[in-house]
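Below: one structure, written as structure tokens.
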Amino acid sequence: MQKVIVVNGYWHSSNGKWKDTTEELNGLLAEGWKVVNIAPMGAYGFGYDATGNTGNSDHGFASIVVIEK
């Protein structure tokens with residue numbers, strides 16, 4: 001069985017703290033899932049974060065991760 005997960009991280013513009021969604025992926029890996037493929041997604045490379053185009057928004061990432069068990 002395979003699953004696809006979007007993982008992202010970014011500096012939150014309202015409080016300046018780092019936010020990411022790696023917890024779900026880390027939990028699945030701990031349960032024995034294996035990474036099959038990872039591909040970057042373009043949003044953060046163009047200077048956008050969760051709330052729009054901001055001065056510090058180029059410090060983030062988004063990736064699609066395919067895992068299987």
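In terms of full-length UniProt numbering, the sequence shown opens at residue 1 and continues consecutively. For each residue, glycine too, the CB sits at the ideal point set by N, CA and C.
Is residue i helix, strand or coil when you go by DSSP?
i, result
"residue 16", "coil"
"residue 32", "coil"
"residue 2", "strand"
Please return the same chain residues whose Cβ sits closer than 6 Å to the Cβ of residue i, not counting the five positions on each side in sequence.
i, result
"residue 8", "21 and 62"
"residue 12", "19"
Does the separation of the CB atoms of residue i and residue j fall below 8 Å?
i, j, result
"residue 6", "residue 38", "no"
Once you ignore the five residues that flank residue i on each side, which residues in its own chain have a CB closer than 7 Å to its CB?
i, result
"residue 25", "5, 7 and 65"
"residue 28", "67"
"residue 1", "68 and 69"
Using a Cβ-Cβ cut-off of 8 Å (strictly less than) and excluding sequence neighbours within five positions of residue i, which residues of its own chain qualify?
i, result
"residue 34", "67, 68 and 69"
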